[in-house]
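Student: This is the structure I want to talk about, given as structure tokens.
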Amino acid sequence: MASKVIRNVTWDFLNEVIQDGSRVFPKEELERLRFCIQCGTCVGGCPSGRISALRIRKIFRETQLGLKETVLSDDNLWNCTTCYTCQERCPRGVHTTNTVRIIRNLAVKYGYIKNNHRRICEFFLTYGHAVPINDETRQVRKDLGLAEAPPTVHSHPESLAEVLKLAEETGFKKIVERTAK
Amino acid sequence: MNRYAYFLGCITPNRYPGIELATRRVLEEFGIEVLDMEGASCCPAPGVFGSFDLRTWLTVAARNISIAEEMGADITVTCNGCYATIQEAKHLLKQNDELKNKVNNILKNIGREYRGTVEVKHIIEILDENIRYETIQKRIKHPLKGIKVAVHYGCHFLKPSDIRMHGTVERPTILDDFVRALGAESVDYEDKMMCCGAGGGVRAANLDVALGYTRRKIENMVDAEADCLITPCAFCHYQFDTGQIELTEKIGKKYELPVVFMTQLLGLALGMSSEDVSLNKNKTQIQTFTSKLS
Chain A
1 MASKVIRNVT
11 WDFLNEVIQD
21 GSRVFPKEEL
31 ERLRFCIQCG
41 TCVGGCPSGR
51 ISALRIRKIF
61 RETQLGLKET
71 VLSDDNLWNC
81 TTCYTCQERC
91 PRGVHTTNTV
101 RIIRNLAVKY
111 GYIKNNHRRI
121 CEFFLTYGHA
131 VPINDETRQV
141 RKDLGLAEAP
151 PTVHSHPESL
161 AEVLKLAEET
171 GFKKIVERTA
181 K
Chain B
182 MNRYAYFLGC
192 ITPNRYPGIE
202 LATRRVLEEF
212 GIEVLDMEGA
222 SCCPAPGVFG
232 SFDLRTWLTV
242 AARNISIAEE
252 MGADITVTCN
262 GCYATIQEAK
272 HLLKQNDELK
282 NKVNNILKNI
292 GREYRGTVEV
302 KHIIEILDEN
312 IRYETIQKRI
322 KHPLKGIKVA
332 VHYGCHFLKP
342 SDIRMHGTVE
352 RPTILDDFVR
362 ALGAESVDYE
372 DKMMCCGAGG
382 GVRAANLDVA
392 LGYTRRKIEN
402 MVDAEADCLI
412 TPCAFCHYQF
422 DTGQIELTEK
432 IGKKYELPVV
442 FMTQLLGLAL
452 GMSSEDVSLN
462 KNKTQIQTFT
472 SKLS
């Protein structure tokens with residue numbers, strides 16, 4: 001099968017990535033995404049690329065080409081462990097790992113969050129911990145002479161209320177509840 | 182400074198409290214006061230919540246830091262993820278006043294403020310810079326002579342290097358020096374700087390991919406004839422310890438390399454028993470390692 005030639009290149013998606021990322025990162029750092037010349041240093045050093053079909057440079061090229069749906073719906077986007085090997089090595093100074101995090105933010109925004117991730121969010125929105133305590137660990141803590149519940153939000157309902165209030169203010173619950181059409 | 186606010190995070194207190202116990206014991210042994218951060222939450226995980234919504238991630242991180250600011254104590258951590266989040270949040274809020282104001286406007290709703298008045302130090306840094314390896318060496322009662330240790334740094338202690346500032350990320354020595362200070366040998370192994378596989382939400386999203394990393398790391402360590410592996414990160418510890426049980430179940434081949442947290446290894450060298458540092462609470466066996474500690 002002949003591969004598809006993309007003729008209607010648009011910067012819209014790349015601009016959206018930079019815009020969204022600049023909520024927390026300096027814009028000039030994110031602008032470097034435009035400098036990617038597909039050298040493949042990222043893929044060459046990527047430990048996930050040896051195990052999964054994650055190809056960072058492909059994601060970045062597709063982003064430059066404006067292929068928003070392709071990028072956001074790609075399951076391999078979630079196979080990056082954020083190890084920063086590619087970001088350290090990128091000869092063009094692209095903040096690769098941070099860019100992956102931003103693209104994932106957009107994937108979540110448009111409803112492409114994975115069910116297992118939604119469950120982690122539910123834990124966080126219920127207990128204030130992504131990994132809350134269980135009965136087994138309570139027992140281990142007791143056996144070790146530690147307080148049965150740690151001195152975290154697990155021991156302070158008023159602190160948990162603070163965390164939940166913050167998540168409400170940022171709209172976190174609504175963001176992670178979205179589903180793609 | 183000899184008092185630190187211990188930011189526990191999730192995995193340390195809620196899955197591997199032995200790490201918490203060993204760390205408290207070891208720091209107290211060297212006269213460092215460990216303070217509880219009452220009401221702290223998930224950091225939140227940099228590659229997980231940072232992948233879902235960076236704004237929420239940053240705001241919750243700022244709240245956690247504000248607890249230590251109220252205590253007037255710098256923070257220490259036993260998880261590279263917590264370290265990454267706290268340090269990166271501080272970095273982002275320091276360089277951008279507008280962002281800091283925005284975050285503080287949200288924190289105002291719960292009567293809190295982020296000021297940026299405390300630092301974060303990884304437990305490795307406390308041992309290396311505050312206590313110093315030379316001092317540790319003088320206090321060793323049971324040198325770990327003849328023990329071969331495979332060192333795993335974990336990614337987020339070292340990277341991104343422009344924020345972490347610990348020097349080379351390809352050939353670091355800070356943990357190898359620690360192992361040698363305890364009298365043990367740090368063995369070189371293939372892909373030593375490779376990730377454990379757990380981070381970035383991969384463990385939750387695609388366990389097989391996460392375990393693919395873990396399998397390679399463990400097999401390389403075993404090939405180098407390591408007696409145990411050590412980590413400075415509770416999440417890597419979790420991935421290696423629980424991960425080996427999961428691998429054994431999935432592949433049918435037995436994976437049983439003992440997994441030791443760096444403060445547990447130190448505790449052993451200081452004369453504590455494996456129960457004192459709660460190594461016996463690991464999921465993967467530890468007998469092949471403890472039998473060598475005469």
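Chains as they are written, first to last, in the working numbering: chain A, 1 to 181; chain B, 182 to 475. Where a beta carbon is used, it is the ideal one built from N, C-alpha and C, also for glycine. Quantities reported herein were computed from a predicted structural model and do not represent experimental measurements.
Can you confirm whether F233/B, when its beta carbon is compared against all beta carbons of chain A, has any partner nearer than 8 Å?
Tutor: By this cut-off, F233/B is an interface position.
Student: Tell me whether K302/B is buried or exposed, calling it buried when 16 or more other Cβ atoms sit within 10 Å of its Cβ.
Tutor: Result: buried.
Student: Please state if the CB of I321/B and the CB of I364/B are separated by a distance shorter than 8 Å.
Tutor: First, the amino acid is wrong: residue 364/B is Gly here, not Ile. Yes, the pair counts as a contact, with Cβ atoms nearer than the cut-off.
Student: In the stretch 185-233 of chain B, which residue ranges form an unbroken beta strand (DSSP E) of at least 3 residues, counting only runs that do not cross its ends?
Tutor: DSSP runs (the beta strand (DSSP E)) wholly in the stretch 185-233 of chain B: 214-217.
Student: Excluding five sequence neighbours on each side, which residues of the same chain lie with their C-beta closer than 7 Å to the C-beta of M83/A?
Tutor: The sequence as given places Cys at residue 83/A; Met does not occur at that position. Same-chain partners within the cutoff: P47.
Student: Can you tell which of Q445/B, F442/B, C414/B, D408/B has its C-alpha closest to the C-alpha of Q468/B?
Tutor: For Q468/B, the nearest C-alpha among the options comes from D408/B.
Student: Can you name, in chain order, every residue of its own chain whose Cβ lies under 8 Å from the Cβ of L30/A, other than the five neighbours on each side?
Tutor: Around L30/A: V17, I18, G21, S22, H95, N98, T99, I102.
Student: Between A53/A and N76/A, how many whole angstroms is the CB-CB distance? I'm expecting something under 8 Å.
Tutor: 5 Å between Cβ atoms; contact.
Student: Taking 6 Å as the limit between beta carbons, can you name the residues of its chain near L202/B, skipping five residues before and five after?
Tutor: S459, listed in sequence order.
Student: Quick one, which of D357/B, A226/B, Y419/B, K329/B has its alpha-carbon nearest D309/B's?
Tutor: Closest option to D309/B, Cα to Cα, is D357/B.
Student: Suppose the cutoff is 8 Å on Cβ atoms and the five residues either side in sequence are ignored; what does the same chain contact list for N183/B look like?
Tutor: G212, I213, E214, N311.
Student: Using only the alpha-carbon positions, how far apart do F230/B and G381/B sit?
Tutor: If I take the Cα positions, the gap works out to 9 Å.
Student: Per the DSSP calculation, A331/B is bridged to which residue(s)?
Tutor: A331/B is bridged to L410/B.
Student: Please list the segments of the alpha helix (DSSP H) lying wholly inside the stretch 235-269 of chain B, counting only runs of 4 or more residues, in order along the chain.
Tutor: Complete alpha helix (DSSP H) runs here, min 4: 235-252.
Student: State the beta-bridge partners of V441/B as determined by DSSP.
Tutor: V441/B is bridged to I411/B.
Student: Determine the burial state of N387/B: buried for a count of at least 16 other Cβ atoms within 10 Å of its Cβ, exposed for fewer.
Tutor: That one is buried.
Student: Give the residues of chain A in contact with I344/B, contact being defined as C-beta atoms less than 8 Å apart.
Tutor: Neighbours of I344/B on chain A: none; closest Cβ ~10 Å, over 8 Å.
Student: Assuming F416/B and N245/B are in contact, meaning their beta carbons sit under 8 Å apart, how far apart are those beta carbons, in whole angstroms?
Tutor: Incorrect: roughly 17 Å between the Cβ atoms, too far for contact.
Student: Check each candidate in I6/A, V163/A, Q139/A and name the one with the smallest Cα separation from G128/A.
Tutor: Per the Cα distances, V163/A.
Student: Starting from the N-terminal side, write out each stretch of the alpha helix (DSSP H) that is 4 residues or longer and does not extend beyond the stretch 441-468 of chain B.
Tutor: For the stretch 441-468 of chain B, whole alpha helix (DSSP H) runs of length 4 or above, ordered along the chain, are 443-450.
Student: Report the neighbours of L280/B on chain A: residues whose CB is nearer than 9 Å to its CB, in chain order.
Tutor: Residues of chain A passing the Cβ test: R23, V24.
Student: Pull the bridge partners of P48/A from the DSSP assignment, please.
Tutor: Reading the sequence as shown, one finds Ser at residue 48/A and not Pro. For S48/A, which the question treats as bridged, DSSP gives no partner whatsoever.
Student: Alpha carbon to alpha carbon, how far is N115/A from E177/A? Give it in angstroms, no decimals.
Tutor: Taking the straight line joining both Cα atoms gives about 10 Å.
Student: Write down every uninterrupted run of the alpha helix (DSSP H) in the stretch 118-159 of chain A whose length is 4 residues or greater and which is fully enclosed by it, in chain order.
Tutor: Within the stretch 118-159 of chain A, the complete alpha helix (DSSP H) runs of at least 4 residues are 135-143.
Student: May I ask you to list the residues that DSSP assigns as paired with V301/B?
Tutor: V301/B is bridged to I256/B.
Student: Since P413/B and I304/B are thought to touch, with beta carbons under 8 Å apart, how far apart are those beta carbons, to the nearest angstrom?
Tutor: Right, their Cβ atoms sit about 6 Å apart.
Student: For E162/A, does the three-state DSSP call read helix, strand or coil?
Tutor: The answer is helix: DSSP assigns E162/A an H, G or I state.
Student: Closest Cβ-Cβ distance between P198/B and chain A: below 8 Å?
Tutor: P198/B counts as touching chain A.
Student: Check for me: the alpha helix (DSSP H) holding T354/B runs from which residue to which?
Tutor: Run containing T354/B: none; DSSP gives neither H nor E here.
Student: I'd like to know if the stretch 282-293 of chain B and the stretch 236-245 of chain B are in contact, where contact means that at least 3 CB-CB pairs between them fall below 8 Å.
Tutor: Touching, per the Cβ criterion.
Student: Hey, T395/B and G433/B: beta-carbon distance below 8 Å or not?
Tutor: No, these two residues do not count as a Cβ contact at 8 Å.
Student: Do the stretch 30-39 of chain A and the stretch 49-63 of chain A touch if we need at least three Cβ pairs shorter than 8 Å?
Tutor: Yes: at least three Cβ pairs fall under 8 Å.
Student: Over the uninterrupted alpha helix (DSSP H) stretch that includes D372/B, give me the two end residues.
Tutor: Per DSSP, D372/B belongs to no alpha helix (DSSP H) and is neither H nor E.
Student: Under the rule that 16 or more other beta-carbon atoms within 10 Å means buried, what is T149/B, buried or exposed?
Tutor: Nothing in the structure corresponds to residue 149/B, since chain B is present only between 182 and 475.
Student: Does the CB of E28/A have a neighbour CB from chain B at under 8 Å?
Tutor: By this cut-off, E28/A is not an interface position.
Student: Run down chain B in chain order and give the residues with a C-beta less than 7 Å from the C-beta of F269/A.
Tutor: Any question about residue 269/A goes unanswered here, given that chain A covers just 1 to 181.
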